[in-house]
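Take 29 as the starting number for the sequence shown in the numbering used here and just add one per residue. Each remark here refers to the structure printed beneath this line.
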Amino acid sequence: MTLVAVTIASFTYNAFTDDRAAPPSGLTYVQAADIRTRYQTWGTSGSPVVLVHGAFESVDTWSRLAPLLARDHRVYALDLTGYGYSERRGPYTVDHLTRQLLGFLDAMHLGTPDERPVLVGHSSGAAMVAEATLRAPERIGGVMLLDGDALDTGAGPPAALEYVLIDPFRTSLLRIGLGTDWLIRKVYGAQCGPGCPRLDKAGVDEWRRPFRVAGAEGALWSMLGEGVLGIPAERLARLHDVQVPKSVVFGADDDVFDDDTPTDTATRIGAPAPTMIPKSRHLPMISAPAAVASAVDALIPPPPAPPAGPSG
């Protein structure tokens with residue numbers, strides 16, 4: 029009887045909380061492969077940098093870093109399908125999201141011999157920038173794995189959640205969690221650390237609203253079924269021999285990964301020793317944007333010197 033009562037209560041709660049949120053006004057979109065993709069740009073001159081977010085993130089995750097990069101670069105960021113405000117269109121796999129990323133480069137007229145962007149992939153976004161570089165190295169000017177190892181580890185939801193990650197319970201739990209400002213601030217604080225600004229009401233809404241737009245819940249359950257996105261180790265190791273500038277950057281206090289992960293990742297892909305950002309956890313682009321911007325600048329090779337004039 030208890031299960032029946034809880035199930036009825038869950039269905040009832042879901043019915044009363046089924047209002048969907050609208051995306052913010054003024055967003056920009058482009059067709060990237062088969063996905064209507066939300067994106068944002070900063071800066072009008074300099075070499076191009078494309079920022080690719082990780083799980084549960086969006087273009088807005090880069091709002092502190094992108095303006096710093098834009099002083100010397102043209103900066104682009106997109107919402108991968110399943111997150112933010114891009115069209116939800118599965119399957120939510122490395123293959124499909126990489127095709128979206130390469131399609132975005134096409135739409136932005138990047139990836140030509142004169143416009144080869146540096147790709148920066150955070151967390152699970154590291155898999156897409158690594159795979160894009162493997163597929164089209166001639167189009168890429170450099171690749172940075174930011175707090176991500178790009179590996180397919182088979183990780184997914186804990187087995188203990190098997191029974192609550194079914195409807196109607198999963199929908200109720202998700203909506204209760206999204207409706208709890210304290211919980212959103214708690215998760216953000218744990219991932220970001222003491223160097224991050226506290227989320228005000230607008231900040232909480234920035235993280236919450238993408239999961240309340242039409243199609244977001246169904247996409248989330250599909251993505252959880254895929255597990256953490258990554259590339260098999262033997263394929264990722266092929267990046268070692270790809271001749272593009274590479275770097276690995278981690279928050280020194282990132283507890284999402286083992287302590288050896290930054291060094292192991294750099295060795296695997298043929299990058300120099302990793303850059304460790306002090307007092308940063310898993311979101312250094314928020315907690316230490318200037319340090320991340322410096323790491324991006326260090327990755328981008330300087331433009332060739334102009335030819336010497338005639339002696340005289």
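Glycine included, C-beta positions come from ideal geometry on N, C-alpha and C.
Is it buried or exposed, Gln-128, if we count other Cβ atoms within 10 angstroms and call 16 or more buried? Sequence index remark: in the sequence shown, residue 128 carries index 100 (1-based). Answer is buried; the Cβ neighbour count reaches 16.
Exposed or buried, His-124, counting other C-beta atoms within 10 Å across all chains shown (16 or more means buried)? Mapped onto the sequence shown, residue 124 falls at position 96. By the 10 Å Cβ count, His-124 comes out buried.
Select from Asp-100, Cys-220, Arg-167 and Leu-93 the residue whose C-alpha is nearest the C-alpha of Val-284. Here residue 284 corresponds to residue number 256 of the sequence shown, with the count starting at 1. Nearest of Asp-100, Cys-220, Arg-167 and Leu-93 to Val-284, Cα basis: Cys-220.
Starting from Pro-317 and walking both ways along the alpha helix (DSSP H), at which residues does that stretch end? The residue labelled residue 317 in the question sits at position 289 within the sequence shown. Here the alpha helix (DSSP H) through Pro-317 covers 317-327.
Using the Cα positions of Ser-308 and Lys-214, report the straight-line distance between them to the nearest angstrom. The sequence position of residue 308 within the sequence shown is 280, counting from 1. The sequence position of residue 214 within the sequence shown is 186, counting from 1. So the alpha carbons of these two residues sit roughly 16 Å apart.
Please name the residue in Phe-132, Asp-88, Ala-98 and Thr-121 whose C-alpha comes closest to that of Gly-112. Position 84 of the sequence shown, counted from the start, is the residue given in the question as residue 112. Comparing Cα-Cα distances from Gly-112 to each of Phe-132, Asp-88, Ala-98 and Thr-121, the minimum goes to Asp-88.
Consult DSSP for Asp-214 and reduce its assignment to one of helix, strand or coil. As a working note, residue 214 is residue 186 in the sequence shown. Sequence check: residue 214 is Lys here, not Asp. Reduced to three states, the DSSP call for Lys-214 is helix.
Backbone CA spacing between Val-272 and Arg-48 [nearest angstrom]: Numbered from its first residue, the sequence shown carries residue 272 at position 244. Numbered from its first residue, the sequence shown carries residue 48 at position 20. The alpha-carbon atoms of Val-272 and Arg-48 are separated by roughly 44 Å.
In whole angstroms, give me the CA-to-CA distance for Pro-222 and Asp-281. In the sequence shown, the residue the question calls residue 222 occupies position 194. In the sequence shown, the residue the question calls residue 281 occupies position 253. Spanning the two alpha carbons is a distance of roughly 11 Å.
Which of the three DSSP states is assigned to Pro-290 in this structure? If you number the sequence shown from 1, residue 290 lands on position 262. DSSP places Pro-290 in helix when its eight states are reduced to three.
For Leu-106, which residues does DSSP report across the bridge? As a working note, residue 106 is residue 78 in the sequence shown. In the DSSP output, where bridge partners are listed per residue, Leu-106 has Tyr-67 and Val-80.
Is DSSP giving Phe-278 helix, strand or coil here? For the purposes of this step, residue 278 is identified with residue 250 of the sequence shown, where counting begins at 1. Looking at Phe-278 - three-state DSSP - the assignment turns out to be strand.
Using the rule of at least 16 other Cβ atoms within 10 Å of the residue's Cβ for burial, across every protein chain shown, is Thr-65 buried or exposed? Walking along the sequence shown from the start, residue 65 turns up at place 37. Label assigned to Thr-65: buried.
If we count the other Cβ atoms within 10 Å of its Cβ and call it buried at 16 or more, is Ser-75 buried or exposed? In the sequence shown, residue 75 corresponds to position 47, counting from 1. So Ser-75 ends up on the buried side.
One question on the structure: do Met-313 and Gly-110 come within less than 7 Å of each other, judged by their Cβ atoms? The residue you call residue 313 lines up with position 285 of the sequence shown. The residue you call residue 110 lines up with position 82 of the sequence shown. For Met-313 and Gly-110, no; Cβs fall outside 7 Å.
Residues in its own chain within less than 6 Å of Trp-249 by CB, not counting five upstream and five downstream? Residue mapping note: residue 249 aligns to position 221 of the sequence shown, counting from 1. Correct list: empty, nothing qualifies.
Which same chain residues end up closer than 7 Å to Pro-51 when comparing Cβ atoms and leaving out the 5 residues on each side of it in sequence? Counting from 1 along the sequence shown, the entry for residue 51 is found at position 23. Once the five neighbours on either side are set aside, the close Cβ partners of Pro-51 are Tyr-113 and Val-241.
State the beta-bridge partners of Ile-259 as determined by DSSP. As a first step, residue 259 is located in the sequence shown; it is residue number 231 there, counting from the start. According to DSSP, Ile-259 bridges with Leu-179.
With distances taken between CB atoms, is the gap from Tyr-57 to Glu-254 smaller than 7 Å? Residue 57 sits at position 29 when you count from the first residue of the sequence shown. Residue 254 sits at position 226 when you count from the first residue of the sequence shown. Going by C-beta atoms, Tyr-57 is not nearer than 7 Å to Glu-254.
If I follow the unbroken alpha helix (DSSP H) through Gly-231, where does it start and stop? In the sequence shown, counting from the first residue as 1, residue 231 sits at position 203. Run containing Gly-231: 229-236, per the alpha helix (DSSP H) assignment.
Which of the three DSSP states, helix, strand or coil, is assigned to Gly-170? Within the sequence shown, numbered from 1, the residue matching residue 170 stands at position 142. Gly-170: strand per DSSP, three-state reduction.
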